[in-house]
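Just so you know, the UniProt record's numbering puts 86 at position 86 of the sequence shown, and the rest follows in order with no gaps. Even for Gly, the Cβ is constructed at its ideal location relative to N, Cα and C.
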Amino acid sequence: KQVLLDKSTPHILYRWLGLAGVVLIYAVRVFFLQGFYIVTYALAIYMLNLLLGFLSPQVNPELEGPTLPSKSDEEFRPFVRRLPEFKFWWSSMKAVMFGFVATFFPMFDVPVFWPILVLYWFILFFVTMKRQIMHMVKYRYVPFSFGKKVGGRLRVSAFG
1 KQVLLDKSTP
11 HILYRWLGLA
21 GVVLIYAVRV
31 FFLQGFYIVT
41 YALAIYMLNL
51 LLGFLSPQVN
61 PELEGPTLPS
71 KSDEEFRPFV
81 RRLPEFKFWW
91 SSMKAVMFGF
101 VATFFPMFDV
111 PVFWPILVLY
121 WFILFFVTMK
131 RQIMHMVKYR
141 YVPFSFGKKV
151 GGRLRVSAFG
């Protein structure tokens, strides 16, 4: 298993396309079963939590406390994620697979009015993303890098 994970590490696009395919298969299964909305809701909240870890810096400036003003505040500090891209992908893949397996057990098919869950999730998503974006603006960091100039051309890297 570890050998396959190590071989997949440099193939960022193909890994994320694979995850998108697995999510699509999961969504089709839930759609045709017309159930397992609680499992899907829990999966969506977990994926949102992973996204927040991916977008957050490893060292939170709010927790460091006040510092004396200096010129070093303006120094370039590289953005280091709390959750690296590979762990984000791997945790997402495991979560979707766990959710997929859960759809085979009727005890997880709790009857619920699913539009309420969708509404709750969207409210949670927008409130959380607003807070995250305000944090990015306040501490002046951008969690994405779109490449750097190498020999006069732009080398693209979507995940930093």
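- When the beta-carbon positions are compared, residue 41 and residue 96 stay at least 8 Å from each other.
- Burial is judged here by how many other beta carbons sit within 10 angstroms of a residue's own beta carbon; residue 30 has at least 16 and is buried.
- Under the 8 Å Cβ criterion, the stretch 82-98 does not count as touching the stretch 116-133, having fewer than three qualifying pairs.
- Across the structure, residue 131 and residue 107 are spaced so that their CA atoms are roughly 36 Å apart.
- Within the stretch 86-130, there are no complete alpha helix (DSSP H) runs of at least 4 residues.
- In the three-state reduction of the DSSP assignment, residue 140 falls in the coil class, being assigned neither a helical nor a strand state.
- The C-beta distance from residue 102 to residue 39 rounds to 5 Å, short enough to fall under 8 Å.
- In this structure, residue 36 places its C-beta atom within 8 Å of the C-beta atom of residue 109.
- Taking C-alpha positions only, residue 143 is separated from residue 55 by approximately 6 Å.
- Of the candidates 94, 50, 141 and 44, 50 places its Cα closest to the Cα of residue 83.
- Taking a contact as a CB-CB distance under 8 Å, the pair residue 93 and residue 19 counts as one, their CB atoms being some 6 Å apart.
- Rounded to whole angstroms, the Cβ separation of residue 121 and residue 12 is 27 Å, and the two are not in contact under 8 Å.
- Taking the Cβ atoms as the reference, residue 57 lies roughly 7 Å from residue 80, within the contact range of under 8 Å.
- Residue burial annotation: residue 43 is buried, with at least 16 other C-beta atoms found within 10 angstroms of its C-beta.
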